[in-house]
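Chemist: For the sequence shown, this note's numbering assigns the number -18 to the initial residue and increments by one for each residue that follows. Take a look at this one; I'll ask things after.
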Amino acid sequence: MIDLTKLSKAVSRALRHQPWLFELELDNQGWTRVEDLLSALRKESPEWTDLGMSDLRLMIAAAAKPRHEIQGQMIRALYGHSTPGALVMVRSAPPDELFHGTSPESIRSILTGGLLPMGRQSVHMSKDPSTAFLVGGRKSPHPVVLSVDATSANSRGVMFFRGSDIVWLAKHVPAEFIRIYKAP
Ligand code: HQG
């Protein structure tokens, strides 16, 4: 039985962060050939020597949230990229409000300088506060959830991009559109 979480982490590493370690080339929208990814992964671990397309499909279907997508013979990560080289992204109208979970230590800096991509290509926001809380929980045992007035930001020229059903991206969100979220 394949460990799908382990597989997903390796796929994210290959498609978000270090494609060159897997001898992969991503196109300007992050796509690479499924067959190339599979050949690279088969060499990575003894349990993956027979890895096939169906294992990747199972991995995507079993994930609590969508991280990767397959179209035809191609696969890509939906978000999370830290690879150099700008990805072509299509601007899209965001939900009214978006949420970002972070550590208490980062709040002052974010409320001054806005949300920055830091080590990734984009700022990541969630459609709901509970997801943002979980995301922030990766950074601190006492995460803080921020609310982004996405409609105002969008109308004032901040570009938003849809990562998945849950995740929205931007290059920078100025502080004027951000406040600390208080659950109703
Ligand atoms: C912080 C996971 C100081 C920001 C998650 C965050 C997400 C600032 C950290 C996705 C700042 C970057 C991405 C500023 C931003 N001053 N700190 N001006 N602006 N920051 O991990 O959003 O499960 O790169 O608050 O679910 O935590 O892997 O980004 O704490 O969707 O699929 O800089 O990764 O997805 O941290 O997480 P990260 P993130 P997966």
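Even for Gly, the Cβ is constructed at its ideal location relative to N, Cα and C.
1) Since Ser63 is in the beta strand (DSSP E), which residue starts that stretch and which ends it?
2) Are the CB atoms of Leu37 and Trp29 nearer to each other than 7 Å?
3) So does Lys(-13) have its beta carbon nearer than 6 Å to some heavy atom of ligand 1?
4) Label Ser73 either buried or exposed according to how many other C-beta atoms from any shown protein chain fall within 10 Å of its C-beta, with 16 as the threshold for buried.
5) Using CA coordinates, which residue listed in Ser121, Asp130, Pro65, Asp109 is at the minimum distance from Arg101?
6) Excluding the 5 residues preceding and the 5 following Pro124 in the sequence, name in chain order all residues of the same chain whose CB lies nearer than 7 Å to its CB.
7) Could you compute how far the alpha carbon of Met34 sits from the alpha carbon of Ala164?
8) Can we count Arg137 as close to ligand 1, meaning its CB is less than 6 Å from some heavy atom?
9) On a CA-only basis, which of Ala134, Phe158, Lys120 is nearest Thr93? Give me that one, please.
10) What are the boundary residues of the beta strand (DSSP E) that includes Glu78?
11) Helix, strand or coil for His49 per DSSP?
Modeler: According to the data block:
1) Start at 1 with the first residue of the sequence shown, and residue 63 comes out as number 82. First-last for Ser63: undefined, no H or E at that position.
2) Here residue 37 corresponds to residue number 56 of the sequence shown, with the count starting at 1. Here residue 29 corresponds to residue number 48 of the sequence shown, with the count starting at 1. It is not a contact, given that the beta carbons lie outside the stated cut-off.
3) To locate residue -13, count along the sequence shown from 1; it is residue 6. No, the Cβ of Lys(-13) stays beyond 6 Å of every heavy atom of ligand 1.
4) On the sequence shown, position 92 is the one that residue 73 refers to. With fewer than 16 other Cβ atoms within 10 Å, it is exposed.
5) Taking the first residue of the sequence shown as position 1, residue 101 is located at position 120. Considering only alpha carbons, the answer is Pro65.
6) If you number the sequence shown from 1, residue 124 lands on position 143. So the qualifying residues of the chain are Gly82, Thr83, Ser84, Phe114, Gly117, Gly118.
7) As a working mapping, residue 34 is identified with position 53 in the sequence shown. As a working mapping, residue 164 is identified with position 183 in the sequence shown. So the two alpha carbons sit approximately 42 Å from each other.
8) Counted from its first residue, the sequence shown places residue 137 at position 156. No, the Cβ of Arg137 stays beyond 6 Å of every heavy atom of ligand 1.
9) The sequence position of residue 93 within the sequence shown is 112, counting from 1. The residue with the shortest Cα to Cα distance from Thr93 is Phe158.
10) For the purposes of this step, residue 78 is identified with residue 97 of the sequence shown, where counting begins at 1. Residues 78 to 83.
11) Along the sequence shown, one-based indexing puts residue 49 at 68. It is a strand residue.
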